[in-house]
Amino acid sequence: MRYEAPKSLEQAVALLSSANGRAKVLAGGTDLMIQLRSGRAAPELLVDVKFLPELRSVLAEAGGYRVGAAVTCMELIENAAFAQAWPGIVDGVKYIGSIQVKGRATMGGNLCNASPAADSVPALIAAGAVVCILGPQGRRETPVEAFVTGPGKTTLARGELVTSFRLPQRAAHSGDAYLRFTPRTEMDIAVVGAAVNLTLDGKGVCNAARLSLGAVAERALLVSEAAAALIGTKVDEAALQGLGAAASAACRPIDDKRGTKEFRVKVAGVMARRAAAIALERARRLY
């Protein structure tokens, strides 16, 4: 196995393109190193991108933010301005492993690992985040919800890599939140995850909302029907019940050792309602 640390994004793309599909991108490595040790991944080439400046920055841009794909979880958590603007994304990032893991792990890696239970992904989807990609054909962008196609599978083509996430400008009176259920409080994989992002008008009526669920299907879901239950309401109990029912109806989970299908379907509705309540409080308090 060959190791390369390119000096530019163009060099990284060239290396990935030349490897006949047998290359892996190394940023934090918290998933990749486990896969290498277990034999689940056996690349001919490792392309280390964690030293590339474009992938390592958190920038205010066009009223929103651009977060480099190799920014570590702890760097994002400790960025006070970003955490105030997007607390729901920080909620998700905080769940990624231990403090030691968060010191290495990245949102780019969490997304590209393409686990249905990835904690940062539902929060990014609820936020309306866009993935920025560079490859042999140039740059392209895609919504986060369209990037993962199934467990371990993404829309990345040969030679492409994720460079950053683009987050929109927040409207006034907006709030977001991410919650998950796990058997343990820490160091566990989500049985169900739910993220909600909502905006209130000047009278406290919800005029925009997005809800995403994790670990209840082959990939994280954007559930438009659930978000629609909030729009036009003051996010009262009836609206939250409608949200929860729609969230449960959207689930298509599997049975595994961490939870049954029936359990996940029920818990998805509960997590969705609780996340919406936190997002509502933040919308009222922060903006």
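As numbered in our numbering, residues 8 to 294 make up the sequence shown, in order.
The C-beta atom is built at its ideal place from N, Cα and C for all residues, glycine as well.
Closest in C-alpha terms to residue 178, from the list 197, 206, 184 and 172, comes 206. Its Cα nearest to that of residue 285, the residue 204 stands out among 14, 34, 204 and 239. If you ignore the 5 residues before and after residue 149, its C-beta comes within less than 8 Å of the C-beta of 137, 138, 140 and 162, all in its own chain and listed in chain order. Collapsing the DSSP output to three states places residue 243 in coil. Relative to the Cα of residue 291, the nearest Cα in the group 232, 172 and 242 belongs to 242. Annotation: the continuous beta strand (DSSP E) that includes residue 188 extends over 181 to 188. With contacts defined by Cβ atoms closer than 7 Å, residue 176 and residue 70 form a contacting pair. Judged by DSSP in its simplified three-state form, residue 214 adopts strand.
Each of 192, 208 and 154 was checked against the Cα of residue 118, and the nearest Cα belongs to 154. In the DSSP secondary-structure assignment, residue 10 is bridged to 53. If you look at residue 132, you'll find it in the alpha helix (DSSP H) that goes 127 to 134. If you draw a straight line from the Cα of residue 210 to the Cα of residue 246, it comes to about 16 Å.
Secondary structure of residue 160 (DSSP, three-state): strand. From the listed residues 75, 18, 81 and 68, the smallest Cα separation to residue 54 is found for 18.
Secondary structure at residue 238: coil, using DSSP grouped into helix, strand and coil. Counting only the Cα atoms, residue 186 lies some 8 Å from residue 281. Residue 31: not part of any alpha helix (DSSP H); member of the beta strand (DSSP E) spanning 30 to 33, first to last residue. If you look at residue 140, you'll find it in the beta strand (DSSP E) that goes 137 to 142. Within 10 angstroms of the beta-carbon of residue 95 lie 16 or more other beta-carbons, which makes it buried. When beta bridges are read from the DSSP output, residue 148 appears opposite 139. Contact between residue 116 and residue 37 holds, since their C-beta atoms are separated by about 7 Å, short of 8 Å. Leaving aside the five residues that flank residue 238 on each side, the residues in its chain whose CB is nearer than 8 Å to its CB run, in chain order, 213, 214, 215 and 216.
Within the stretch 67 to 101, the complete beta strand (DSSP E) segments at least 3 residues long are 71 to 75, listed from N- to C-terminus. Within its own chain, the residues whose Cβ lies closer than 8 Å to the Cβ of residue 106, once the five positions on either side in sequence are excluded, are 81, listed in chain order. A residue is called buried once 16 or more other Cβ atoms fall within 10 Å of its Cβ, and residue 264, having fewer, is exposed.
DSSP, reduced to helix, strand and coil, places residue 249 within a helical segment of the structure shown.
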